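Engineer: Position one of the sequence shown corresponds to residue 586 (this note's numbering), numbered consecutively onward.
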Amino acid sequence: MVISVVKTILSFLRSRGRRLKDEEECVQPEVRRQEVLVDGDVQTVEHEEEKEETCTKVVSKRRNKKPITLVGTSQQASELTGVKKAWIHLGKLKEGTTAENVETFLKKYFPELDVSSYRNKFIQLESITQEENYDVLCLSEHWMNEVQLQQYIPDGYNIASFFCRKTHHHGGVVIYIKQGWQYQEVCQITKYAEEMSCELAAIKVNNTIIVTVYRTPLSDWNVFMSNIENVFECINKYKKKAVIIGDFNIQFLGCDNKCLDFKNLCSTYGYKVTINVPTRLDSCIDNILISSNFESYQVGIINNHLSDHLAQFINFECNLVNSNNECKYRLTLTPITDNRAFLFNYLLSFVDFNQILSNNDLEKDFNCFINIIQYYFEYCFSKTTVKINNRKVTNKWFTDDLKKMKNELEIVYSLMKTVNDSELKVKYRKMKRKYRTALKEAKKSDNGEYLMKAENKNKAAWSLIKK
């Protein structure tokens, strides 16, 4: 310690001595010339005077750099640009403030700081496709550019249409469709896409048009209304059924001007708002719009524990066509829809069973009753033939243990929504993290088993990378 102090003093004195020496060398005498008369001759006399000012030579000078705060991602939208991260430090919080309160506050006032990146939850999305048999997946806010999006495709699906931001951060929409189904991207609709205000992806599958929409809360409302009206007009020219699904960031359960204007626009073009329950906290900001020519459909919401938004689903008959034209067998079905069931009950209401079943013969009355029911049933519920196509079955890694964990997670989530208990919320978050970890381990184990069984290890490894 003493030696270090002495070294510090000596180095200071040396630097001080060099500085004083430089100051002495920089002091130069000033020469002043004066003409005087000596014995009748004019002579010049020089006087040397020292300058009062001294020049100081500064060798180096340290400057304190100001800290730079980086929020969000890179300013340049390039596939070679890395993501910049930033920490948010909070201080002087009210006593009793929980992490959930802070998260709710940030999501409410800073929606652009949403941490629900699709890349972080890709394995969880694949588990959903492994468990369920969805033909089309519509995602909003994937947060990726075009190059990155091609690296995150669920097994067994193709990218049908997408939109990526080039100027701003995050956002974006994408539509995935099952491998083998015929589809066509509707560029006449996607040309109305605009960053933040109205981000669109659209495809045409047989007799149905599917559109995915995303609008940020702080975007220009007039631009969104103008673009979405153009989308409605474009769909009407095709004269096909249409499904518009996405995150509109409109309070559909409220009565504000934006909600009323949007609903009036939908009614003008014959579209129906189908979701009337909260999809995020206490707000209904996500929805499914269907055209007026839909005969039968089923909509609802599900919690797939993938985001703070609840997912929406719609089931309807679309008559998908296989691009390989391979048909394994035909299946005859009797679809029972709400409209047909209403017609069935309506026709039966005009039948006077008291007059028909007036015979004393119980067997005749029973046969007469069955014949009437069968006649109206076959009239209202006509049979249809469906083609069952050959579809490549992938190796499913979503095991029964994972299904059990997900069921337990859904039970705890239902209890948490019913009973306002802080312990249940903590338990739900712990189970959710445990479930995600189990999904990652199951996926790693499945990939490892695939590599072990493969004869050509290098080829198998590249197939996993390209998958």
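Just so it is clear, CB atoms sit at the ideal spot from N, CA and C, and this is done for glycine as well. A quick note: this is a predicted structure, and the numbers were derived from the prediction, not measured.
Under three-state DSSP, which class holds S999?
Structural biologist: Helix, per DSSP.
Engineer: Looking at C840: is its Cβ nearer than 8 Å to the Cβ of I813?
Structural biologist: Their beta carbons are not under 8 Å apart, which means C840 does not touch I813 by this criterion.
Engineer: Pick helix, strand or coil for D985, following the three-state DSSP scheme.
Structural biologist: D985: helix per DSSP, three-state reduction.
Engineer: Using three-state DSSP, classify N872 as helix, strand or coil.
Structural biologist: Of the three classes helix, strand and coil, the one that applies to N872 here is strand, per DSSP.
Engineer: For T752, count neighbouring C-beta atoms within 10 Å of its own C-beta (all shown protein chains included) and say buried if the count is 16 or more, exposed if not.
Structural biologist: Per the 10 Å Cβ criterion, exposed.
Engineer: Check whether the stretch 708-719 and the stretch 743-752 are in contact - that is, three or more C-beta pairs closer than 8 Å.
Structural biologist: Short answer: they don't touch.
Engineer: For M810, collect the residues of the same chain with a Cβ closer than 6 Å to its Cβ; drop the 5 residues on either side in sequence, then sort them by chain order.
Structural biologist: No residues qualify anywhere along the chain.
Engineer: Can you give me the start and stop residues for the beta strand (DSSP E) that V732 sits inside?
Structural biologist: Counting along the chain, V732 falls outside any beta strand (DSSP E), though it belongs to the alpha helix (DSSP H) covering E731 to L734.
Engineer: Taking only the alpha-carbon atoms, compute the straight-line gap between N686 and D832 and give it to the nearest angstrom.
Structural biologist: When rounded, the distance between both Cα atoms is 23 Å.
Engineer: Would you check if the stretch 924-934 and the stretch 960-969 touch, i.e. whether three or more CB-CB distances between them fall below 8 Å?
Structural biologist: Touching, yes.
Engineer: Whose C-alpha, out of V1004, I774, I835 and E780, is nearest the C-alpha of V828?
Structural biologist: The shortest C-alpha separation from V828 is found at I774.
Engineer: What's the gap between the Cα of L891 and the Cα of T969?
Structural biologist: L891 and T969: Cα-Cα distance of roughly 36 Å.
Engineer: Does the beta-carbon of N872 have 16 or more other beta-carbons within 10 angstroms, so that it is buried, or is it exposed?
Structural biologist: The residue in question, N872, is buried, as its Cβ has 16 or more Cβ neighbours within 10 Å.
Engineer: Report the rounded CA-to-CA distance for K981 versus M990, giving the unit in angstroms.
Structural biologist: Straight-line Cα distance between these residues: approximately 17 Å.
Engineer: With a 10 Å radius around its C-beta and 16 neighbouring C-beta atoms as the bar for buried, classify Y960 as buried or exposed.
Structural biologist: Exposed.
Engineer: Run through the stretch 718-759 for me and flag every whole beta strand (DSSP E) of 3 or more residues, listed as ranges in chain order.
Structural biologist: Listed in chain order, they are 721-725 and 742-748.
Engineer: Rounded to the nearest angstrom, what separates D900 and I875 at their Cα positions?
Structural biologist: Rather than Asp, the amino acid found at residue 900 in this sequence is Asn. For N900 and I875, the distance between alpha carbons rounds to 12 Å.
Engineer: Cutting at 6 Å between CB atoms, please list the residues of its own chain near H755, excluding the five before and the five after it.
Structural biologist: Cβ neighbours of H755 beyond the five flanking positions: W728.
Engineer: Between the C-alpha atoms of E993 and G757, what's the straight-line distance to the nearest angstrom?
Structural biologist: Their backbone Cα atoms lie some 32 Å apart in a straight line.
Engineer: Tell me the DSSP secondary structure of A778 in three-state form.
Structural biologist: Residue state, collapsed to three classes: coil.
Engineer: Enumerate in chain order the residues of its own chain whose CB-to-CB distance from D986 is below 8 Å, with the five nearest sequence positions on each side excluded.
Structural biologist: Same-chain partners within the cutoff: A1023.
Engineer: Could you give the DSSP three-state label for L838: helix, strand or coil?
Structural biologist: Residue state, collapsed to three classes: coil.
Engineer: On the DSSP bridge list, what partners appear for F527?
Structural biologist: It is not possible to answer for residue 527, since the shown part of the chain is limited to 586 through 1052.
Engineer: Contact defined as beta carbons within less than 8 Å: I believe Y742 pairs with K763. What is the distance between those atoms, to the nearest angstrom?
Structural biologist: That pair is a contact at about 6 Å.
Engineer: So, under 8 Å CB-CB, C903 and T793 are touching, yes? Tell me the CB distance rounded to an integer number of Å.
Structural biologist: That pair is a contact at about 5 Å.
Engineer: Rounded to whole angstroms, what is the Cα-Cα separation between R1018 and F707?
Structural biologist: Rounded to whole angstroms, R1018 to F707 spans 15 Å at the Cα level.
Engineer: How many angstroms separate the CA atom of I860 from the CA atom of S852?
Structural biologist: Taking the straight line joining both Cα atoms gives about 15 Å.
Engineer: For V816, name the three-state secondary structure that DSSP assigns.
Structural biologist: The answer is helix: DSSP assigns V816 an H, G or I state.
Engineer: For E1008, name the three-state secondary structure that DSSP assigns.
Structural biologist: Note: E1008 maps to helix in three-state DSSP.
Engineer: Who are G831's beta bridge partners in DSSP?
Structural biologist: Paired residues: V798 and N872.
Engineer: Going straight from the alpha carbon of V771 to that of L785, what length do you get?
Structural biologist: Their backbone Cα atoms lie some 10 Å apart in a straight line.
Engineer: Would you decide whether I887 is buried or exposed? Buried here means 16 or more other CB atoms lie within 10 Å of its CB.
Structural biologist: Exposed, because fewer than 16 other Cβ atoms sit within 10 Å of the Cβ of I887.
Engineer: Let me know if S645 comes out buried or exposed under the rule of 16 or more other beta-carbons within 10 Å of its beta-carbon.
Structural biologist: Below a pLDDT of 50, predicted positions are generally treated as unreliable, and S645, at 49, falls in that range; the measurement from the model is reported next regardless. Exposed, since its Cβ has fewer than 16 Cβ neighbours within 10 Å.
Engineer: With a threshold of 6 Å on Cβ separation, who are the neighbours of L724 within its own chain once the five nearest residues in sequence on each side are excluded?
Structural biologist: If we look at L724 and ignore the five residues flanking it on each side, its Cβ neighbours are V759.
Engineer: What is the rounded straight-line gap between the Cα of K988 and the Cα of L895?
Structural biologist: Taking the straight line from one Cα to the other gives about 19 Å.
Engineer: Three-state secondary structure (DSSP) at A1023?
Structural biologist: A1023: helix per DSSP, three-state reduction.
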